[in-house]
Amino acid sequence: MTDARRLRIIVASGVATLAVLVYANSLANGFAYDDVPILESRDLVHGLDKFPELLTAEYWPARFGSGLYRPLTMVSFAVDWSVWGGEPFGFHLTNVVLHAGITALLALLLLRFFPWWAALAGGAVFAVHPVHTEAVANVVGRAELLAATFVLVACVVYVGARRRGRLSWVALVAISVSYALAMLSKEVGVVLPALLLVLDLPAVARGRAGDGKAYLRARLPLFASLAAVLVGYLALRWAVLGEPISSLAKGTFAPDASFATRLFTMARVWPRYYELSLLPTELSADYSPAVILPASQLTPLGLVGFALVAATVVLAVVLYRRMPEFSMAVAWAAVALLPVSNLIIVTEIVLAERTLYTPSLAVSVLAALVVTRARLSQRRWVVLGLALWVIGFSVVTLRRNPVWEDSDTVFTELQRQHPESSRVLWWLGYRQFGRGDWAGAREWFRRSLEVWPYSPAHLSAFAVLLEDHGELEEAEVMAARAAEFGPGYADHHSLLAVIRLRLGDNEGALRALTRGRQVVGEQAVFCALEADAYANLGEFAHAARAQTCFVRLRGAAATGEDWLDLAQLQAAAGDTGAALASLDSAVVRGVPDLEVDSLAQGLGLYRGAEQ
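To convert a position in the sequence shown, counted from 1, into the working numbering, add 84.
Structure follows, in structure tokens:
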């Protein structure tokens, strides 16, 4: 083993060990916050017996909807559940190991640009950075960790191949496969090709990348392969989700989701990016309204955001020739943040600390750059300052990890930080509901929706609870707003239809179902509810057609009872032959002949021996 290779191993293993030490106290955590619906209470990921379904299921359970497709992350949950029997310790152990591995990969990448001591410094900063707490200490942060793992594998392979002067077919395959796996872990992996180009900036600035034609020619096979992978990934999303790119979060910037509103709102977030990256002393599990409210015009904080970004970009341009690694760090952060910037695709969050996991690599690059560029006489003080920075980061991280012990600890801390948060108010409502205090819970839910009346998830959940308690008029109002601000979710339209059916508003139920079809296409539940509405109106021919649609879409999952319902509607519509055929289908699906014959007699039908 050469000295250089031994040194790389020492640096990588050193920062990986530091990552384990700082996040070891997260191993005592249980399942918290989004872990509960995505993992703990979801049978789909409780083992590998439903492996094919894992590959075709949305990331969030169907009742939530999301437009997110992360099969590799879900498979990793299922593997952990199989190995650990649902014990949270095993899931957290996987997260900590992944974080340590990512830290080691980052150190190897930094060694391609900086001397070993600078790479060690940058790796140490990443290992202990507090902004990573949500991604590491909360199990569903696994998506960030897996995506970052494959992004960094591709980056290390790419830079290594570039330094050797050629991109072998092995490297091309490794990078292409890593690209696919990164996107199947989390959608943010889509920016990997741009990140690879970002890593070329120092070589291009120093004239080591060849002329333009040679540069493009050398990379054409790789980027053609990556383009093919991207097309395949989008086709897979289309097959699973019904569309290649999902942007369902209408409520995030409601009532105005225009580009101007999104830009002015995100400009208010940009200063927080800087704070979380450089001095993250106050972390938060939530930034939803009223922690951060949409802004339809430029605000003072937004002006600060524009000024910070403009100054950073100008500095990156000015220093491009003299200090291209700085420009590389800025470009890395910008590209990595693009998928969650809300400037291209509207996401369901304005800001979440877990989304800074991959972008924060830029901070490590800056740390390594500062150490490298420090004069010999200044280096001692620079190292001392950096050491204090790392120690401070470690203390914040160690104190923050236990916050993610369970949902109560998360929301108790969030209530202390942001009592104005609509999510906190909602949690207080659920806490009262769990204690059997519906009246108290209802008031907290109403207060939450007063703070932010555009959350489809909260509106639909409140509508369900109101319906369960017989408060149908208010339930209809909430369900209608859920369908308005979350139109991409079939459950919102079907919920509105159900409530209107209970109110006796059959025409209103049909309108809700028509709107649902226009947005999300035909759904089995739409057909079933339409059949009920038409039957209530006495339009049995329409009802029979709707029930036929229901059993057709259900396919093999259609039960004997479904076919009996169809037979009754067909008989009421006067279609005797079709009704008898449906009764036979009910028998095939396990309904006893005696029960079917009794129903047939009641319908005035005769099932002959040949039937």
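The beta-carbon is built from N, C-alpha and C at its ideal position, and this holds for glycine as well. Keep in mind the model is a prediction, meaning the values are calculated, not measured.
Which residue wins for smallest C-alpha separation from G207, given the options R246, V240, A100? Along the sequence shown, one-based indexing puts residue 207 at 123. Checked all of R246, V240, A100; the closest Cα to G207 is A100.
Pick from F634, R459, N620, V274: whose alpha carbon is nearest that of A57? The structure shown has nothing for residue 57, since the chain only spans 85 to 695.
By Cβ distance, which residues of its chain are closer than 8 angstroms to G218, with the 5 residues on each side in sequence left out? Stepping through the sequence shown from its first residue, residue 218 is reached at position 134. One point to set straight first is that residue 218 is Glu, not Gly, in the sequence displayed. G225, L367, A369, A436, E437, R438, W488.
List the whole-angstrom C-beta distance separating L265 from L156, where the pair is believed to meet the contact cut-off of C-beta under 8 angstroms. Here residue 265 corresponds to residue number 181 of the sequence shown, with the count starting at 1. Here residue 156 corresponds to residue number 72 of the sequence shown, with the count starting at 1. L265 to L156, Cβ: 6 angstroms. Contact.
Look up A693 in the DSSP assignment and say whether it is helix, strand or coil. For the purposes of this step, residue 693 is taken as the residue at position 609 of the sequence shown. Any answer about A693 is weak, because its pLDDT of 43 lies below 50 and its placement is not dependable; what the coordinates show is given next. Note: A693 maps to coil in three-state DSSP.
By Cβ distance, which residues of its chain are closer than 6 angstroms to A625, with the 5 residues on each side in sequence left out? Here residue 625 is taken as the residue at index 541 of the sequence shown, counted from 1. Within the same chain, A625 has close Cβ partners A657.
Once you ignore the five residues that flank L511 on each side, which residues in its own chain have a CB closer than 6 angstroms to its CB? Stepping through the sequence shown from its first residue, residue 511 is reached at position 427. Here residue 511 turns out to be Trp, not Leu, going by the sequence shown. Hits under 6 angstroms: F495.
Spatial distance of Y143 from R636 (CA atoms): Along the sequence shown, read from residue 1 onward, the residue named residue 143 stands at position 59. Along the sequence shown, read from residue 1 onward, the residue named residue 636 stands at position 552. Approximately 26 angstroms between the Cα atoms of the pair.
7 angstroms Cβ shell around Q695 - same chain, five flanking residues per side excluded: For the purposes of this step, residue 695 is taken as the residue at position 611 of the sequence shown. A caution first: Q695 carries a pLDDT of 40, below 50, which makes its placement in the model too unreliable to give a value.
Under a Cβ-count criterion, where at least 16 other Cβ atoms within 10 Å of its own Cβ denotes burial, should A693 be classed as buried or exposed? Within the sequence shown, the letter at position 609 stands for residue 693. Interpretation of A693 is limited by its pLDDT of 43, a score under 50 that renders its predicted location unreliable; the figure taken from the coordinates is listed afterwards. A693 is exposed by the Cβ-count criterion.
Just to check my reading of the structure: K102 and A211 have Cβ atoms closer than 8 angstroms, yes? What is that Cβ distance to the nearest angstrom? What you label residue 102 is simply residue 18 of the sequence shown in a count that begins at 1. What you label residue 211 is simply residue 127 of the sequence shown in a count that begins at 1. Checking the sequence, you will find Leu at residue 102 rather than Lys. 4 angstroms between Cβ atoms; contact.
Sort L236, A188, G174, M407 by Cα distance to N222 and report the nearest one. Counted from its first residue, the sequence shown places residue 222 at position 138. Answer by Cα proximity: G174.
Specify the secondary structure class of Q501 as computed by DSSP and reduced to three states. Position 417 of the sequence shown holds residue 501. Correct three-state label for Q501: helix.
Unbroken alpha helix (DSSP H) run spanning I186, endpoints: By 1-based counting over the sequence shown, the position of residue 186 is 102. Run containing I186: 172-194, per the alpha helix (DSSP H) assignment.
Could you check what DSSP says for Y441 in three-state terms: helix, strand or coil? Position 357 of the sequence shown, counted from the first residue, corresponds to residue 441. Three-state result, Y441: coil.
Give me the residue from D87, D340, L276, R90 with the minimum Cα distance to A379. By 1-based counting over the sequence shown, the position of residue 379 is 295. Looking at the Cα atoms, D340 is the closest of the given residues.
If you draw a straight line from the alpha carbon of G469 to that of L91, how long is it in whole angstroms? Your numbering for residue 469 matches position 385 in the sequence shown. Your numbering for residue 91 matches position 7 in the sequence shown. If you take the alpha carbons of G469 and L91, they lie about 24 angstroms apart.
Determine, using beta-carbon pairs with one atom in the stretch 155-169 and one in the stretch 126-133, whether at least three such pairs fall under 8 angstroms. yes
Counted within 10 angstroms of its Cβ, other Cβ atoms place F135 as buried (16 or more) or exposed: Residue numbering aside, residue 135 sits at position 51 when the sequence shown is read from its first letter. With fewer than 16 Cβ atoms within 10 Å of its Cβ, F135 is classed as exposed.
For S478, name the three-state secondary structure that DSSP assigns. Your numbering for residue 478 matches position 394 in the sequence shown. In the structure shown, S478 sits in a helix (DSSP, three-state: H, G or I).
Member of A88, L579, T643 whose CA lies at the smallest distance from the CA of E614: Counting from 1 along the sequence shown, the entry for residue 614 is found at position 530. Minimum Cα distance to E614 is reached at L579.
How would you label L285, buried or exposed, when you count the other beta carbons within 10 angstroms and need 16 or more for buried? The residue you call residue 285 lines up with position 201 of the sequence shown. With 16 or more other Cβ atoms within 10 Å, it is buried.
Contact set for V419: own chain, Cβ-Cβ below 8 angstroms, skip 5 residues either direction: For the purposes of this step, residue 419 is identified with residue 335 of the sequence shown, where counting begins at 1. V275, A278, L279, V282.
Output the residue ranges of the beta strand (DSSP E) runs that lie fully inside the stretch 621-693 and measure 3 residues or longer, sorted by chain position. none
Whose C-alpha, out of A547, T187, L543, is nearest the C-alpha of A96? Residue numbering aside, residue 96 sits at position 12 when the sequence shown is read from its first letter. Nearest of A547, T187, L543 to A96, Cα basis: T187.
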